[in-house]
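Each residue of the sequence shown is one higher than the last, beginning at 3 in my numbering.
Glycine residues also receive a C-beta, built at the ideal position from the N, C-alpha and C atoms.
What follows is one structure encoded as structure tokens, with my remarks underneath.
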Amino acid sequence: MLPPFLVRFCRSNLEIIAAAIVSIAAFANSLSNQFAWDDKQLIVINPYILDGFGLKYWFGRLYLSTDNLVSSHFYRPLPGLTFSLDAYKWGIDRPFGFHLTNLIIFTLSCIVLCLLVRRLTGNRLVAAAAGLIFAVHPVHSEAVAWVSGRTDLLCGLFMMLSVLLFVYWADTGKNLLRYLSAAALALALLSKEVAVVGLIFLLAAGYLKKPAEKRWKFSTRLLWIVPHAAVTAGYLVLRQIVINKSAGLATAPVTDPAPFAERLMGAPVNIVRYIKMLVVPESCDPYYAASTVASPADLRFIASLAAVVLMIVVLIWFRRRSPVVFWSGCWFFATLLPALNIVQMPGTTMAERLVYIPSIGAAAIAAMMGVWLWRKAYDRIGWPASAVCAVVLLALIVSMTGITWKGNKVWSEDYTLWQEIIRRHPEVAYAHNGLGSAYAERALTLEAIEEFREALRLRPNFASAHINLANVLANEGRMDEAQVEFENAIKDDSKVTAAYIGLSQVHLIANPPRTAEAIKALEDGHKAIPKNPVLAVKLAELYVAEEVKLDRAVELLENLVKNSPDAELPHLVLGKAYARLGRKEEAREQFEWVIENSRALEPEARGEIIELDRGERSGVMGQGLD
């Protein structure tokens, strides 16, 4: 027998317990997944993941740059910190622990959602429906089953927690809750940039509390969110400071950029597409391309714009009739806005994970609509309506759970991910390039080459596929063919850093090494992309290794250190250059900086200091012998 207090607790929180259990059941099979896609770049080979938990690692740099020379455009220190904690607890070679953390965060999110909806509506049935819909929805597979989807999980959790604490404060008047709400918003901001819209739905939350009373006027509601506004402003300042520190870093290019007008007209179309993902859930599709519209006469634009305008009008109509519906709609549209590709950023332009946070508002609306329809049916039919609704809900949960399970396994590893994309979109060159990389990691050379060539058949000027093919050919010792592919990549895109570096490496590993050609390849790259720090440090490193143009190497490296003082590799190479020039004190200063600031490069820096000391002792002994 359970203790009485535990029985009472379970009875009063059945909807919360149900949502937690169902969320675990729906995503339990993701625990066996491996690292996939960007996980390897962001986590597995990222030296900062194993560098401990120092605040300087996560709060002083942009999101998970592996060499601190390339900017990711994103400032997300909290996910990086949690990855470090996972690596410390489980080891970098045990993805189970990372997936377990994702599942725990998601389950907590389902619990907070139930609490929030119950508090807002006062209806446990609506809270249960919202929690269950959210817990099993297939669109969440990408965010939960993919380790790097944690940014969305953390952001969504803390955004909901911020609103929940805010509503508790509005009900109780305890100021501590308001400040805790602002702190939760700060954690959301440190998880993902989308949280900057939090002020919109927090302001809308004012309509949830006695909107007819005069004291709840708009100006009063503005005062309510002063702590949240201060937190948001502080975050933006901090983010800008980090961005300014990274101003000299290379940035990832935007893939196939579209004109702003086309992206703007494509926004209503993308809203409708995201709503379709939620309303008609299908098995996981890891690949989407954001829609663009070339002309305002396009029927897709006209129809989608009309639909969006109608939804907004209906939402405004609900402002006083059902403030919770109004607030949920504000949540959906506000958090979806950054995902509409209006401001184009490097990386994915449309994905299921981008609708994870907006789906919180959608789940609340769906739950309220479902319960309203059930009540109408019950008033007309009676208890049979309840039975039918229960069966429908159970069938919906079971079917969606089945789809979710299939979606989770798509994210099992790179191989399954790219296979699924090709099954759905065989004409997408990007997917064949990804599958080729997955084959290459498994040493399936022939299959990898076949996929890279298929990618190039579909997209002849695909520089990344040329580079990947060249790397496989080089590993097979087919240097001449590899050289041709690197050169083709440069012809396709003269701004691709990896092509110049790869071409240089082909020349260096030739038999005999073609050092002059290797240097020229990097010099050509530096000339084509003069502000790229990766090429600059590679060129300087080769100068130092070959002990040629050392003054030029020092010039390049001193400029890098000046513009990007936190970049670690330039300090190390600059120390080597100083040492080769006999500037030993300056060299020692650079090596000591590396020892203090980089765990990954520390052993090499210590080795260089040992060589410096050995040279100094040899010099002293030589003077004595003379």
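Beta carbon of Ile314 nearer than 9 Å to that of Trp333: Reading the sequence shown from its first residue, position 312 is the one you call residue 314. Reading the sequence shown from its first residue, position 331 is the one you call residue 333. Result no, Cβ atoms of Ile314 and Trp333 do not sit closer than 9 Å.
Backbone CA spacing between Glu489 and His230 [nearest angstrom]: As a working mapping, residue 489 is identified with position 487 in the sequence shown. As a working mapping, residue 230 is identified with position 228 in the sequence shown. Here the C-alpha atom of Glu489 lies approximately 52 Å from the C-alpha atom of His230.
Alpha helix (DSSP H) segment containing Leu339, residue limits: Position 337 of the sequence shown, counting from 1, holds the residue named residue 339. Where Leu339 is concerned, there is no enclosing alpha helix (DSSP H), given that its DSSP letter is neither H nor E.
8 Å contact criterion, which Ala581 and Glu610 should meet: CB distance rounded: Translated into positions along the sequence shown, residue 581 becomes position 579. Translated into positions along the sequence shown, residue 610 becomes position 608. That belief holds up - the Cβ atoms of Ala581 and Glu610 are roughly 7 Å apart, short of 8 Å.
Straight-line gap, Arg444 to Leu189 (C-alpha atoms, nearest Å): If you number the sequence shown from 1, residue 444 lands on position 442. If you number the sequence shown from 1, residue 189 lands on position 187. Note on geometry: alpha-carbon atoms of Arg444 and Leu189 lie some 39 Å from one another.
Inter-stretch contact at 8 Å, needing at least 3 Cβ pairs: the stretch 23–43 / the stretch 130–140: The answer is yes - the stretch 130–140 touches the stretch 23–43, with three or more Cβ pairs under 8 Å.
Entirely enclosed alpha helix (DSSP H) segments - the stretch 492–523, minimum 4 residues: Counting only runs of 4 or more, we get 499–510.
Touching by the beta-carbon criterion (3+ pairs, under 8 Å), the stretch 177–185 and the stretch 147–157: With the rule of 3 Cβ pairs closer than 8 Å, the stretch 177–185 does not count as touching the stretch 147–157.
Span separating the alpha-carbon of Trp374 from that of Ala433: The residue labelled residue 374 in the question sits at position 372 within the sequence shown. The residue labelled residue 433 in the question sits at position 431 within the sequence shown. When the Cα atoms are used, Trp374 and Ala433 turn out to be separated by approximately 44 Å.
Trp413 (DSSP reduced to helix, strand or coil): Numbered from 1 along the sequence shown, position 411 holds the residue referred to as residue 413. In the three-state scheme derived from DSSP, where H, G and I count as helix and E and B as strand, Trp413 is classed as coil.
Close Cβ partners of Thr403 (< 8 Å) along its chain, the five nearest in sequence each way excluded: Your numbering for residue 403 matches position 401 in the sequence shown. Hits under 8 Å: Val24, Ala27, Ala28 and Val138.
Alpha helix (DSSP H) segment containing Met370, residue limits: The residue given as residue 370 occupies position 368 in the sequence shown. Counted as a single uninterrupted DSSP element, the alpha helix (DSSP H) harbouring Met370 occupies residues Pro360 to Ile383.
Nearest-angstrom Cα separation, counted from Cys391 out to Gln43: Here residue 43 refers to the residue found at position 41 when the sequence shown is read from its first residue. Here residue 391 refers to the residue found at position 389 when the sequence shown is read from its first residue. Straight across, the Cα-Cα distance linking Gln43 with Cys391 is about 46 Å.
Assigned secondary structure, Pro261 (DSSP; H/G/I helix, E/B strand, else coil): Translated into positions along the sequence shown, residue 261 becomes position 259. Note: Pro261 maps to coil in three-state DSSP.
Member of Ser297, Gln36, Leu339 and Pro572 whose CA lies at the smallest distance from the CA of Ile202: On the sequence shown, residue 202 is found 200 positions in, with the first residue counted as 1. Cα-wise, what sits closest to Ile202 is Leu339.
Distance CB(Ile521)-CB(Val550) smaller than 9 Å: On the sequence shown, position 519 is the one that residue 521 refers to. On the sequence shown, position 548 is the one that residue 550 refers to. Against a cut-off of 9 Å, the Cβ pair of Val550 and Ile521 comes out as a contact.
With 16 other Cβ atoms within 10 Å as the buried cut-off, status of Arg96: The residue you call residue 96 lines up with position 94 of the sequence shown. Only exposed fits Arg96, as fewer than 16 other CB atoms lie within 10 angstroms of its CB.
Unbroken alpha helix (DSSP H) run spanning Gln242, endpoints: Along the sequence shown, read from residue 1 onward, the residue named residue 242 stands at position 240. That run of the alpha helix (DSSP H) goes Val228 to Lys247.
Contacts around Ser193, its chain only, beta-carbon distance under 7 Å, and the 5 residues preceding and following it disregarded: On the sequence shown, position 191 is the one that residue 193 refers to. Listed in chain order, the non-local C-beta contacts of Ser193 below 7 Å within the same chain comprise Arg78, Leu80, Pro81, Thr153, Leu156, Cys157 and Phe160, local neighbours out to five positions each way being set aside.
Nearest-angstrom beta carbon gap, Leu280 and Ala147 [assumed within contact, 8 Å]: Locating residue 147 in the sequence shown gives position 145, counting from the first residue. Locating residue 280 in the sequence shown gives position 278, counting from the first residue. Not confirmed; about 18 Å, so no contact.
Backbone CA spacing between Lys176 and Ala89 [nearest angstrom]: Taking the first residue of the sequence shown as position 1, residue 176 is located at position 174. Taking the first residue of the sequence shown as position 1, residue 89 is located at position 87. Distance from the CA atom of Lys176 to the CA atom of Ala89, rounded to whole angstroms, is 39 Å.
Pairwise C-alpha distance: Met481 and Tyr502: Walking along the sequence shown from the start, residue 502 turns up at place 500. Walking along the sequence shown from the start, residue 481 turns up at place 479. Approximately 15 Å, taken between the alpha carbons.
Length of the line joining the Cα atoms of Ile383 and Trp376: Residue mapping note: residue 383 aligns to position 381 of the sequence shown, counting from 1. Residue mapping note: residue 376 aligns to position 374 of the sequence shown, counting from 1. Between the C-alpha atoms of Ile383 and Trp376 there is a straight-line separation of about 10 Å.
Reference Glu494; option with closest CA among Ile469, Ser14 and Ala476: The residue labelled residue 494 in the question sits at position 492 within the sequence shown. First, the residue type needs correcting, since residue 494 is Asp and not Glu in the sequence shown. Of Ile469, Ser14 and Ala476, the residue nearest in Cα terms is Ile469.
Coil, strand or helix - Leu122 by DSSP: Translated into the one-based positions of the sequence shown, residue 122 becomes position 120. Leu122 sits in a helix when the DSSP states are folded into three classes.
Nearest-angstrom Cα separation, counted from Asn513 out to Ile107: As a working note, residue 107 is residue 105 in the sequence shown. As a working note, residue 513 is residue 511 in the sequence shown. Each residue's Cα considered, the two are about 53 Å apart.
Length at least 4, wholly inside the stretch 536–609: the alpha helix (DSSP H) runs in chain order: Fully enclosed alpha helix (DSSP H) runs of 4 or longer: 552–565, 570–582 and 586–599.
Cβ neighbour criterion (16 or more within 10 Å) applied to Ile318: As a first step, residue 318 must be located in the sequence shown, where it is residue number 316. With fewer than 16 Cβ atoms within 10 Å of its Cβ, Ile318 is classed as exposed.
Given Pro584 as reference, the closest of Arg302, Leu87, Ile277 and Leu614 once Cα atoms are compared: In the sequence shown, the residue the question calls residue 584 occupies position 582. The question names Pro, but residue 584 is Gly in the sequence shown. The shortest C-alpha separation from Gly584 is found at Leu614.
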